[in-house]
Structure formats: structure tokens, C-alpha cells
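J.: Okay, here's the structure, questions in a sec.
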Amino acid sequence: MSAGVEIKRRSRVPGVIITQYVEEIPPGKSTPDFMRKPMAVNIQEGKLATFRAVVSGEPKPTITWTRNKGDISDPEKYNTRYDEKAGEYILQILNVTADQADSYKCFATNSFGRAVCTASLKVIEDQNVPEDFRKMLKKTTVVKKVKEKPKKEGEVDPKFWEVLLSAQKKDYERVCREFGITDFRWMLKRLNQMKKEREEKQEKYVEKVENMKQIEVKPNGKAEFELDMKLKNPKSNIYIYKNGEILDYGDGTDDSFKHNLKKVGDKFTFSINNVGPEDSGLYQVNVEEANMFSTELDIPDVEFDSILKDVTVDKGKDATFECVLSDPMSKITWCANDASIEPGDKYNITVSEDMLTHRLVVKNCRPVDNGTYTVIAGIKSSKAALIVKDDPNALQKGQRGTDNADKLGKEQARKLQGTTLKTPTGAGSGGSSLGDGIGRDGNMGCGSGQEGKGRDGDGTGDTKCKKQLRVGQLVPDTNREPEVHFVSGLSDTAANIGETAELSCTLSSKDCVGIWYKDGEKLESLNGITISKEGAIHKLIMKNCQKGNAGVYRFEAEGRKSEATLIIKEPPKIDADAMGKFSEAVVIRAGENAIFKLPFSGKEPIKVQWFKDEMELLEGPGVKIERSSTQSRLLLNKCQRKDTGEVKIKLKNEFATTEATSKLVVLDKPTPPQGPVDMIESSLSAIEFKWRPPKDDGGCPVTNYILERQQVGRNTWTKIGEIPGQPVYRDTAIERGRKYCYRIRAKNSEGISDIMETDDIAAGTLALPGQPASPRVVSAFKDCITLAWLLPTNTGGGSIIGYNLEKRKKGSNLWSQVNPPDEPIKEKKYAVMDVMEGAEYEFRVIAINTCGPGEPSSPSDCVFARDPQKPPGKVKDLKVTDSSYNTLCLAWTKPNVMKGVEDEVKGYHVEIRPTDQIEWSRCNTNAIVQTSFTVTGLKSLALYWVRVIATNEGGEGHPQEFDNYIIAMPPPVKPKFTDRKMKNFMVVKSGNTVRVAICFEASPLPDITWLKDNMPVAKHVTITNSEKVSQLLIPTSDRSDSGIYTIIVKNIVGQETFSVEIRITDEPKPPGAVQLEQNVEGTLTINWTPSPDEKRDDRLHYMVMQRDSVKRTWWTVADHLFNHRFTTVIVQGREYYFRVYAKNDMGLSEPSESPTWGAVKKKGKLIINQTESKNLNFQSAPRFTVPLKLHIAPKGYECYMSCAVSGNPTPHVTWYHNNVSLNTNTNYLISNTCGVCSMLILMVGPKDTGDYKVVAENPLGQAETSTKLTVRE
């Protein structure tokens, strides 16, 4: 057995990790593996939970079980055994409690290796446990922020509302689950109220806030969130808070800032550089005093047990990426080429039941899907490449390029997987960290990267490797598995009574025949059971399932077997006829009783709840609920109109919840008609008014209105009678100058409403009409001008009987009436004939009603009494003065005037038309006077036709347009590079990132091409182009990336190129053994074995250093040697020592030293009398070098306490709160690192107030320090 060998490999069963301890396994032996791994268990509190595992391996493995948070050594709670008949290893958890919810691991170990897998246990809390007893339970669940069910608004964590206000609707349920909120109706009501309050505060400082994206960790190691926010005052202060504390931030241009807020237009992007666990918390954006956005960054402590692998698929097929986590997570982030992706038509994201295995499926792959796919969990990430190959059938017909694609895929896979024996930086943890210093695939690495925590590695990042692990499988898995195995096994299935249940599994062979068993008895196709085989797929179908079909089913084929449990559910069920009858509305009169009855069936116990308008009904005055095992009855006594609404029954048992809805309609008389009363007419002959119908018609339509009238000053009311159901009345029996009051009541089939009384209404008062709008000139000739106008908005309470039209010459104050004095104009249009040719006139109109003429309107526009003008001619000298990608500046000269043919211009219109359209669009609504105009809103590089039209009172002239279309772009500029300090040679250490940014200037936008050694760059090289910068990025460089990279910037004006030589190398490995030989007296020849890097680095050379017994200092005797031999002159009688270094662009290797050359002088013995050494005792009693300090913390915030203790042996530290030990309390995060003792209270509350004490003990004594915590409201 080889010591120190640990080879990681994947099992065929997802989620199982195998570690091989030897490089070669003897024939007939094998490492442990799981044939069937334990499945996740969801079970009700108080029941028996069972994990089952089937394990293979030779010699027979030893099985052990553990849990993440605690031990399983208590036989009264945990029982482990082996079932010889079924070949299963079983872990049973007796009488499950809430604190046993955890992740459980099963280890299978023998002398050749170890296999491990994880399964989670979730406990459904028993709703029948008294609440006082539940408060005494110590709960440990997967969700971190579960709170007790709130009874009042004040009991809810304030952070819950901050997160929920900025969350999307689809995330409401997740947020409520994390904070333990179960009353969703109350939550939504309160949330809507808080949103209104926040919007009112926001309106003071911003016009809008939208497109808010929650914070998430990016592949580049940053955490970002963004929002669109338009400020009313650009100078308003913007504050960023983390957990209530204000943060300093930069503008994104200086990388020295930890936090940055970058603004582009109205978009604000907040980023956190080098994200770490200390960055988790609640982040808020405030403008002045108003909160705009809140988001929470949660960084769980999770590692990758299995990382992503590269995938190569044929075009049109699906590609699958899969990873396994060390701890359950419900959701992680997937990215394609550094862009986040969500489930949809293109991508399918699934999570296993134990929330450890996460899978991404890229559907219908195309060449555009090529690239790097990243999965991010917390701050850890894993990357893999997707390579889409052309259809092999198409390649046989003449297409080429498969060899290149395969070669590129292998190269890219090698770089992403990191399969070399030595990782440059850090230690692996099954995935790459977002910072430096974490390797991949569990490899040990050495370097000066950040500290990482590896799986089977030390992860310290020291300058020397402590242990070197090999990656990959040295011996292929051959002749280990039977010829037939399960591609997919049976899965536990649940079916409702009466439905069809199906169990299926897939074998690796289509020719294999298997046998089905139920509870150990063989099954055949009869009595509703159908056994079928479709190729390698075997199915067991049971129709019309009954309770007897429940049990454990097993399928066996050629020594393989798979097992699953069928659960028959009996959810509450309502007959269709009963449901239809129940859904019909119950209609009663006010004061009557309403009865709702619904029969049902289902497995007991069934919880029955009645609701009215979403409020649960409980037994009490006016409400009676009767229930039996087959039906429930609701009785509502003496219902009133306000009781009208929706009635719902909810039936719930352990399997499902069923609802049925009905409606209660209570008929009653209508409410009174609504005011105010609107006057339609109040003249000498009639009063006409209208009102609004009743707010509630009593459940049936209003048929009539009953009216009464009283003359003001009299005591009697006169009945007018009933009018049809329209809320309007015209009273003609009135006296001029009198005032009247009216009473109105509404009537329906159930009765008559109460009275609505109007205010006093005057009849026949003098009310003149208001001003009409200014008259509009319809046409003008030398002997006639036609005008038109509109009805005045205020008619004075009566109808308009006519109009007077007046005119005056421009500059005169004398108005003269156009129409005869006693003949008002009936129409709203009139032709004025009494005009003088060439004179300029203004007109106004006066409305007349029964009371007389009103106020005149404002004057019309001035108009000449002359025949219409001729349109102007074409503009001259139309030209483009300037342009950009979105604007176009035009200038022209006004057209000439030709009397009788083309009159003088009064304004201009500019029109544009894209070349792919036929419709012209006008850029200015009103004619412009100036002879220049700037067209905005153009599409970059789009083609447009442009024309200018002159206009005057006579109409529009002929358009003047360009002979050719105009391109929306700046004036053409030949490409040129703007950075004078561009480097043409770069040396980068292997594994580091290569980034080359080239600044240029060109118009129109150029085509940019990058070449490596005159060939296209590899697919793992990322090219990013913008308007003025092109960047080449190699995320993780390799020696094969060395070469000359050339950028070609080309547009229609010309092209420019620039080349940079990039050399990817690493610190060289030292040369081999050094030998000395003397061929000529007085000279010495040094020979050495070449460095292993010599073949990979053409710039590698050697340097020789020498030291002799006289000088005793090292000096260089040869450098830049490209061979493996060097001859130097020596002096007889001296001892010589030589060192040979390998040297490249990164520096020197470790030296290879030669043996000593020369005569060794015999020296006499040196006798040294040593004194006896005394043993020193370094043990000491505990002593606090830094004591605790007083703390005052706001309610709801974090509190961090720390102190420092010394002592030898290392003392045991215990924390106390009011003399109660806290070391086992999971609500406090306690750590002790190198004598620094710290405790973190996540959310401080009143219960945390009190005295805190730290006691340090060892065999030599005890020490303590104490402090006090005050919680500020």
C-alpha cells in the first residue's frame, strides 16, 4: 500500500464520493460503493425515521453513521442494524423530535478506500402540541432565520419588512418562510400599507424607482445589486447602510474601495469587491431620509463535494451539468459566460430532495451556447466548459472541423479541471473560490494565495506543499460492476385513491427480463395490475388504486434490485353534484337564516374550516357549525345586508387540502340616493337636475324613484309621484323667482329607501351665458371670411338661443356687429361678406340665452381679406453640418419669392424616412422659423432619407431632399490607437488572469478581430468590445496560451493592427543531479541533468555559482547557459562547491548542489565539554490578557464580544449569561482561536440584557472576566 495516496472519483450513484487509498487495487478487490444510497426523509414529529443503504465492496466495508450537528451514540434515540435478508444497512431515529432535523452521513470503509453520501432529515412539527410546551423545545432546522409565529405586528423582525418591501412577488413565500410568517393575509394587508407610506416618502426626492434587482454574487468575485432611480434633485445625498451602519463607498473608478456605487444615466449599481463571509447582512439605499431599496446578502458556509465537469454534446442535443454540495441549499446561482440564467424554455434547473445535488440542463444546444458555465454557492464557485459539436452525420457529407473542436474541448477541459499534479495557489475544496487561494477537485496546492479550506487538504496556502495528492483514477473501473445495472431505479411514489399509479425503472440492457415483488410476494399482470416492458424501461401500472395497493415494491433483474414505497393517499373529496349544488348562491331576505351544507369523504382526521370573505368563522352568536365524518353544516342566523359575501369551506387532512366556494346574497331595501345634485337647467320655464343612484341597491335593481317637492317658505310637501329608474327629473310647474326643495327615495322589490333631501334650487333667476372660445378662421378670400366657434362651457342654466358676431380692423378699438341686431346667428358658423380687400380683421362672438347676451369671447387670430396665398418654393443649399450615432444637424437657405407663383415662406418642417420604410415621419409638430434643425432619436448606423418642406398660409411647398441617404454616424475616422503606452510584451505566471485592454478611436464602429499566432483565438479566451475599448481576457492562463496576439481594428475607412507577445510561464523546476569531472589538470567540468521545464520553455537557461574553501562566498561564474555543461579553472589544494540554477522570465529555481571537489584536510578531534541542560517548565495558569468591555447595542442589531486568554496547557473556555452556560446554545456563535475568545449575538433583544462572564480553566488554575450588556430600544 502506498502511503499518502488519496484519489477522488465519482460513483455511478449521484451524490456519492469515493476516496481510493491505493494506486493499484489487486484483482478481485474493490473500493466501497453505494448500490443504493439513503434518501431524504420528511416525517412528522413523533414518528419513526429510517435511512436505508445498500453497499458493495471487497473486502466487506465497515458502515458508520454520523450527523452534522451532534452525535448519534444515544441508543434510546438512534438504532443502527444490518438486515441480512435485504442486504441493507439501516439507521432508525426513534420518536423523531424537531432538534433532530439535520444532515446525516453514511460512511463505508475498507482497506482500499472509503465512500460517503449525505441525506437530510426534515421534521414536520406536530400541530397538536400545546404552544407552551412547544416554546420549551430546542429547535435546530436547516432554515437559519425561522421565527415564532407573530401574534402582533410589534413581534415581527423589522428586517423582515425591509427585505419584503424590495422583494418581487414571486419571492414573498420564500421570505415569509425564512422569517416564520404564516399569516399571509395579514402580511399582505400590512405590506400594502407600508408600501404606500414608503412611496409617499420617496416622492419627495425621486420621480421613479424601478427595475430593482436583488443582490447576488457574481463569478468575478463581486456582489452586486442595481436599480433605476430618477432623482428630482441631482445633488441629493445617497447613503448606503449595512445592518444600520453607514458605509463609505467609491464611484467605481478606484479599485481601492471595498464598496462602490456606480451611476450610468438613471441606473445605480452597487458592488462589493472581494466578497467574504463578513460581508453578509442587510443593505439599504437611502436618498436623504427616504429608503429606496433593501436587500439581504446571505453567505452560507458550504463547499462543493462534487464540482462541474466539462460537457461535449452534438448540436441539437441537451447538455447536463451537475454538482453536489456539502450542505443542503434550496437555491444556488447558475451563470452562462458570467451572465446569470433563470429556468425557462432554454434552461431547466432542478434540485434533489435532499437539496445537495443541483442540476442544470441546457436544452437544444447550438454553437451560440458554447462557453463557460459557472455555479455559485455562497462565495464558492465551480466552472466547466460546454462544447457543441456539429451533427456527425453532417460532417460525413463534407463538413470539417471536428478534430479541431475535440482538441479545443480537451484543452479547455484540462484548464478548467486543473488536472495537473500541483496547483499553483491554495488548497482545493471541491470547487473554486471567488477569491484566489482555493484550488479545484480537492487538490492540495501551494503558493501565497488566500487561506482556503480543502477537502482532504490543509488549505493553508503556505509557501511549501505539505502533502501532494494525485487526482483522477489511476486504475480504470473495469470488471467491477455486473453487466446489467440500473440506469435509473425506482422512486417512492404517492397516488390518490381511485387514480392510476406507475412505478418504473431503467436497466442498462434492453434484453434483460425482471420480476416485480410487493412486500416480498411476486406480482403478475391481473386484477388491475399491468406489467410492461419497453426496451430497457420496465413499468408497473396499477389502475384504480385502493388502500390494499400500498406497500413496498421491488424489481429484481440478474442480481440487481431496486425498491420503492407506494403510498396511497385519501385526500378530502367532494362529489361533483354536491360541489355544483354548493357553489350556487344562497339568496335570502334580511332577517332570515342562511344554511350551507356540504357532504364529503376522505381519510380521518379531516379538519373543517368555514370562511366568509377570507375571515374564518368560529362558533359564536349568530354562527353555528355542525360536523360529522361525512358532512359539515353552517348556519348563519338573522343575516343582514352587510353579511352578503363569499362563503368558503376548507377540508384538510394529512394528504391534501380541498376547498369549495359559495356565495351568500342578502336582499334588503336600497340605501338613499346619493348627492350632490347637479343642475342641468334652471330657467324661467323649467328646473332640471340629476343625482347619483344609491350606493347599495339592496341586491336587486332600483325600479323607480319617489319624489316630493316643497316651496321654500311653506310647510307642506307636494307629492310628485314615481318616475322610472333614471336618476334625473325635469320640473316645469314652477314660478319665476321661487326656490324649491326636493325629497328623493329609491324603490326596489324589497322596499323603499330612506329620504335624500336636496338643497334649495332657484327657478327663473338671471343667469347669463359665459364666454365662448375664440372664433376660428375657416377660410379667407378678398370678399368673404368664414368663421366657426364652439358652445360656451357655461350656458347660464338655460339653453343658448343664438350668437352675435362682431369685427374690427387690426389696430382699432371700435367693434361693430356683423349680423343684424334682431337676428341672432343660430348656427356656430358664419360667413362675413362686409370686408374690404387687403384689410386685416379680428372677430369675437357673444352667446345669448333666455336671460340675454353674455360676455364676448377673446378676439380671433388676425386674418387678411384676400385670396389664398401660393405655397412657397423649395429650400436651397440643404446640407449636413454635423452628425453622431443618434443626431443629425441640418442647415439650409430660405426659398426665393416669385410673385403669383411662390409666395414668402413662414416656416419649415423637417421629415425623415428609414430606407426600409415608405412612410415619412415629421420631426417638428409646429413649423420652425430658423433655417437650421437638429434631428434626434436616430438609431445608430441606420440609413435615413431626409427632406425639408417650406410652408406658409397658402400651404406647403415642394420638399427638398438629399440625393443619397444619410447614415446615422459621426464623420468617418480611420481606426487609430489612442494609448501611447501600450505594452508589446507581457510575462504572466501560469494560472493567473491575462487581461489586455486596447484603446482605439474609429468611426463608424469598426470590426475587431483578435488572432493568436495568425490564427483565431481559443474559445476559452473572452473578447469584450465597446465603442472605444477592446479587451482580451484569459481567466486562468496556461503555458499553451503563450504566443503573439494581434488585434485588427477595421472599418470602411481603413484598418490598424497592433501585436503583443504574451508569455505564460511558471517558476522553473530545478535541474537534476550535478556531476563534476576533471579532464584537464587545472580545470573542472560541471555537468547536470536538464530541468523538466526545459522542453516547455524555450527561454529557460542556466546559471552556475561557485564557492571555494578560501573565499567562502558564492559568486556567479556563468549565466545564460543553454547547454548542460560548463568548464571552470580551479586551484589545486582548495575545496570547491557548485550550485546550478534553472532560470526563466519568472526568476530562479531552487539550486541543485554538486558534491565537494578537492582534498579534505584531516583535522584533529574537537572535544567540547557540554554543560547539563536544565528542563524549563512553560506551564502556567490561565490569565486574561485582554478582558471583556462594556457593551450597549440597539435592539435588532448584532453584538460582538471578545477577550484574550493565555495559559499552558490551553485552558477550556466557558461563556455564561446570568450564570447560565451558553456553550451549547445555538443562538450564540462562540469561537476560540489562538486564545482569542469571541461571541456573536446575531439579533439583540431585551432577553439578552444582563451580565456576561467568561471562565478559563486548566489543571493549574482558573481565571474569569465579566461585563454587562445593555439593549437600547
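Per full-length UniProt numbering: the sequence shown = residues 1 to 1273. The C-beta atom is built at its ideal place from N, Cα and C for all residues, glycine as well. Owing to the predicted nature of the structure, the values given are computational and were not obtained by experimental measurement.
(1) As an exercise, report each continuous alpha helix (DSSP H) stretch of at least 4 residues that is fully enclosed by the stretch 183-211, in chain order.
(2) What's the call for LYS1268, buried or exposed, on a 16-neighbour Cβ count within 10 Å?
(3) Would you call the CB atoms of VAL209 and LEU227 closer than 9 Å?
(4) Can you give me the C-alpha to C-alpha distance between ARG589 and GLY580, rounded to a whole angstrom?
(5) Just list the residues that DSSP pairs GLY1043 with in beta bridges.
(6) Check ALA578 in the structure and name its three-state DSSP category.
(7) Helix, strand or coil: which one does DSSP assign to PRO1246?
(8) Alpha helix (DSSP H) containing GLU688: first to last residue?
(9) So, are the CB atoms of TRP65 and THR80 less than 9 Å apart?
(10) Can you give the beta carbon distance from residue 1275 to GLY113, rounded, assuming they're within the 8 Å contact cut?
(11) To which residues does DSSP link CYS117 through a beta bridge?
(12) Once the 5 residues before and after GLY154 are set aside, which same chain residues still bring their CB inside 8 Å of it?
(13) Roughly how many whole angstroms lie between the Cα atoms of TYR885 and ASP314?
(14) Tell me ARG589's beta-bridge partners as DSSP assigns them.
(15) Among the residues of its own chain, which have a CB less than 6 Å from the CB of ARG776, if the five just before and after it don't count?
(16) Applying the criterion that 16 or more other CB atoms from any shown protein chain within 10 Å of the CB defines a buried residue, is LYS122 buried or exposed?
(17) Can you find the residues in the same chain that come closer than 8 Å, C-beta to C-beta, to VAL702, ignoring five residues on each side of it along the sequence?
(18) In this structure, how does DSSP classify ASN549 when only helix, strand and coil are distinguished?
(19) With distances taken from CA atoms, which of GLU1081, ARG738, LYS363 and LEU791 is nearest ALA847?
(20) Decide if GLU827 is buried, meaning its Cβ has at least 16 other Cβ atoms within 10 Å, or exposed.
(21) Thinking C-alpha only, which one of GLN1075, TRP1114, VAL1117 and TYR1141 is nearest GLU1094?
(22) Thinking PHE34 and VAL13 are a contact (beta carbons under 8 Å), I'd like their distance in whole angstroms, please.
(23) Around the C-beta of VAL712, are 16 or more other C-beta atoms found within 10 angstroms, so that it is buried, or is it exposed?
(24) Per DSSP, what kind of secondary structure is TRP161 in: helix, strand or coil?
(25) Label HIS1120 either buried or exposed according to how many other C-beta atoms from any shown protein chain fall within 10 Å of its C-beta, with 16 as the threshold for buried.
(26) Near LYS410, what residues of its chain come up, given a Cβ to Cβ distance below 7 Å and the 5 sequence neighbours on each side ignored?
(27) Return the CA-CA distance between ASN211 and LYS510, expressed in angstroms with no decimal places.
(28) Any idea if SER812 is buried or exposed, counting beta-carbon neighbours within 10 angstroms, 16 or more meaning buried?
(29) Looking at the structure shown, is ALA98 part of a helix, part of a strand, or coil, going by DSSP?
(30) Are the stretch 241-253 and the stretch 327-347 touching by the rule of at least three beta carbon pairs closer than 8 Å?
(31) Helix, strand or coil for VAL484, going by three-state DSSP, please let me know.
(32) Classify ALA1256 as buried or exposed, calling it buried when 16 or more other Cβ atoms lie within 10 Å of its own Cβ.
(33) From the DSSP output, read off the bridge partner residues of GLU34.
(34) What distance in whole Å lies between the Cβ atoms of CYS784 and THR758, which are believed to be in contact at a cut-off of 8 Å?
(35) DSSP three-state call for TYR172: helix, strand or coil?
(36) Identify the residues that DSSP records as bridge partners of MET1239: which are they?
T.: Judging by the given coordinates:
(1) 184-202
(2) exposed
(3) yes
(4) 23 Å
(5) ILE1062
(6) helix
(7) helix
(8) No alpha helix (DSSP H) contains GLU688, which is instead part of the beta strand (DSSP E) from 687-692.
(9) yes
(10) Nothing about residue 1275 can be reported from this structure: the residues present for the chain run from 1 to 1273 only.
(11) CYS106
(12) Interpretation of GLY154 is limited by its pLDDT of 41, a score under 50 that renders its predicted location unreliable; the figure taken from the coordinates is listed afterwards. Taken in chain order, the list of residues that qualify is empty.
(13) 41 Å
(14) LEU667
(15) ALA788
(16) buried
(17) PRO670, PRO693, PRO694, GLY725, ALA746, LYS747 and ASN748
(18) helix
(19) LEU791
(20) exposed
(21) TYR1141
(22) 5 Å
(23) exposed
(24) helix
(25) exposed
(26) At LYS410 the pLDDT is 45, less than 50, meaning the model places this residue with poor confidence; the figure from the coordinates comes in the next sentence. Answer for LYS410: no residue qualifies.
(27) 53 Å
(28) exposed
(29) helix
(30) no
(31) coil
(32) buried
(33) Here the sequence assigns Phe to residue 34, which means Glu is not the residue at that position. Partner(s): VAL55.
(34) About 51 Å separates the two Cβ atoms, so there is no contact after all.
(35) helix
(36) MET1201 and ILE1230
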